[in-house]
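**Q** Once you know that position 227 of the sequence shown is 1329 in our numbering, the rest is easy, because the numbers rise by one and skip nothing.
There's a structure below that I have some questions on.
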Amino acid sequence: MKRGVVILLVFSILLTACTGVQYGKSKEEAATVQDAHIGVKGVTVNFIKNNPPDVAYEGSKLNLVVELKNEGAYTSSGTLYLTGHDPRLVRISPNTKTFSQLDGKTKFAFGGYEAVSFVSQDLVLPSGTDTYPVDFQASACYNYKTEARIPVCIDPDPSSILENEVCKTTSPTVSGGQGAPIAVTAVREDARPGEVGFQITFTNQGGGIVVDKYSLAKCPTPLTFDSIDAVYYDVSLGDVPASYVDCSPKNKVRMANGQGTMYCKFSLVDATSPAYKSILAINLDYGYLSQVTKRVNIKSMG
């Protein structure tokens, strides 16, 4: 091998080791890809620049393009709705389109992307009006899931006076989100002889509305009190059998003021074993509504 090739190869290895960043990507972009289960976003909704424009004219057609990005860790599907306009003046058909398989971000790749287009017929101004403002609202209703894996210390005999070097029972620190709009924000551990309990708190941090997954067909309107703020869950602890788990409330938590809490108690199979480390697995299942609004002023050609 020629000396110049060897020097170039060594330089490339050193550069990769020093930066720790994929070629062509900023440190921030690389960190986003590597940390798939960090963050508080799901499917984000935005109008593409100038589609629609700020100003449109009577008699012309209007192009509206909505971009959907899955910025969370869970693969999702749902429906996009375009509302806010008077259908007698701005005729858009259909104003509803489905999207499917928007892949969640992974350790190695960004999440899925889709651009959805809507085209109006010729715009109409109300009689005697020179300018008519329209606030177009794009609403994405979709299913999503939060998957949190929390390292915990389990001590079947917390009253023991023996020191244990493996771990000590403390309430784990939870921050930064788990790559979903609902984030587990606090876990408080309660150790007792032969059992352990966890108070789990989660918060809506995605900026949208939590929808009961069984009410997504009603989204975005009309959403009633019974249709929102419902989160279904599944919680497990290491290899503790499901029959040894007792959670309250059962199966579903109704959030209040953007926050939900549940308490899960685990009966330990071996109540005499030393303390050990385990994983508390928390899965939250829900529907979500993300929206964006864009104003367009429709003007007369005269």
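The beta-carbon is built from N, C-alpha and C at its ideal position, and this holds for glycine as well.
Just so it is clear, the structure is predicted and the values come from calculations on it, not from any experiment.
From which residue to which residue does the beta strand (DSSP E) around Q1301 run?
**A** Position 199 of the sequence shown, counting from 1, holds the residue named residue 1301. Per DSSP, Q1301 belongs to the beta strand (DSSP E) from 1297 to 1306.
**Q** Could you spell out where the beta strand (DSSP E) holding D1387 opens and where it closes?
**A** By 1-based counting over the sequence shown, the position of residue 1387 is 285. Per DSSP, D1387 belongs to the beta strand (DSSP E) from 1378 to 1401.
**Q** Applying the 10 Å Cβ sphere with the 16-neighbour rule, what's the burial state of S1229?
**A** Position 127 of the sequence shown, counted from the first residue, corresponds to residue 1229. Exposed, since its Cβ has fewer than 16 Cβ neighbours within 10 Å.
**Q** Which runs of the beta strand (DSSP E) spanning at least 3 residues fall entirely within the stretch 1213 to 1269, listed in chain order?
**A** Taking only runs of at least 3 residues, the beta strand (DSSP E) segments lying wholly in the stretch 1213 to 1269 are 1215 to 1221, 1233 to 1256.
**Q** Is it a yes or a no for the stretch 1289 to 1303 touching the stretch 1313 to 1327, going by three-plus beta-carbon pairs under 8 angstroms?
**A** Segments in contact, no.
**Q** Determine the direct distance from the alpha carbon of V1289 to that of G1299, and round the result to whole angstroms.
**A** In the sequence shown, residue 1299 corresponds to position 197, counting from 1. In the sequence shown, residue 1289 corresponds to position 187, counting from 1. The alpha-carbon atoms of G1299 and V1289 are separated by roughly 10 angstroms.
**Q** In chain order, what residues of the same chain lie with their CB nearer than 6 angstroms to the CB of N1306, ignoring the 5 residues before and after it?
**A** For this step, residue 1306 is matched to residue 204 along the sequence shown. The residues are I1284, V1312, G1360.
**Q** Within 10 Å of its beta-carbon, does V1157 have 16 or more other beta-carbons around it, so buried, or fewer, so exposed?
**A** The residue you call residue 1157 lines up with position 55 of the sequence shown. Under this definition V1157 is an exposed residue.
**Q** Can the beta-carbon of Y1246 be found less than 8 angstroms from the beta-carbon of S1178?
**A** Taking the first residue of the sequence shown as position 1, residue 1246 is located at position 144. Taking the first residue of the sequence shown as position 1, residue 1178 is located at position 76. Cβ atoms of Y1246 and S1178: closer than 8 angstroms.
**Q** Checking 8 angstroms against the spacing of the C-beta atoms, do F1201 and L1166 come in under that value?
**A** By one-based count along the sequence shown, residue 1201 stands at place 99. By one-based count along the sequence shown, residue 1166 stands at place 64. Contact flag unset, no.
**Q** In angstroms with no decimal places, state the Cα-to-Cα distance between S1402 and P1196.
**A** Here the question's residue 1402 lines up with position 300 in the sequence shown. Here the question's residue 1196 lines up with position 94 in the sequence shown. For S1402 and P1196, the distance between alpha carbons rounds to 26 angstroms.
**Q** Given G1206, which residues of its chain have a CB within under 8 angstroms of its CB, disregarding the five upstream and five downstream residues?
**A** The sequence position of residue 1206 within the sequence shown is 104, counting from 1. Hits under 8 angstroms: A1138, N1172, G1174, A1175, Y1176, T1177, S1178, G1213, G1214, G1281.
**Q** Please list, in chain order, all residues of the same chain as E1131 whose beta carbon is under 6 angstroms from its beta carbon, the five residues on each side excluded.
**A** The residue labelled residue 1131 in the question sits at position 29 within the sequence shown. Because the pLDDT at E1131 is just 45, under 50, the model does not fix this residue reliably, and the value given afterwards should be weighed accordingly. Same-chain partners within the cutoff: there are none.
**Q** Which two residues bound the contiguous beta strand (DSSP E) that contains D1156?
**A** Start at 1 with the first residue of the sequence shown, and residue 1156 comes out as number 54. That residue, D1156, is in no beta strand (DSSP E); it is neither H nor E in DSSP.
**Q** What is the DSSP secondary structure of A1132, counted as helix, strand or coil?
**A** Counting from one through the sequence shown, the residue named residue 1132 turns up at place 30. Annotation note: pLDDT 41 at A1132 (below 50); position unreliable, no value reported.
**Q** Taking C-alpha atoms, which residue in V1347, V1333, Q1223, A1373 lies nearest to A1358?
**A** The residue you call residue 1358 lines up with position 256 of the sequence shown. If we check each option's Cα against that of A1358, V1333 comes out closest.
**Q** If you draw a straight line from the C-alpha of K1379 to the C-alpha of I1256, how long is it?
**A** For the purposes of this step, residue 1379 is taken as residue 277 along the sequence shown, with counting starting at 1. For the purposes of this step, residue 1256 is taken as residue 154 along the sequence shown, with counting starting at 1. Between K1379 and I1256, the C-alpha separation is close to 6 angstroms.
**Q** Measure the C-alpha to C-alpha separation of T1323 and I1381 and round it to an integer number of angstroms.
**A** For this step, residue 1323 is matched to residue 221 along the sequence shown. For this step, residue 1381 is matched to residue 279 along the sequence shown. Cα-Cα distance, rounded: 39 angstroms.
**Q** Residues in its own chain within less than 8 angstroms of K1163 by CB, not counting five upstream and five downstream?
**A** Stepping through the sequence shown from its first residue, residue 1163 is reached at position 61. Within the same chain, K1163 has close Cβ partners V1221, S1222, Q1223, D1224, L1225.
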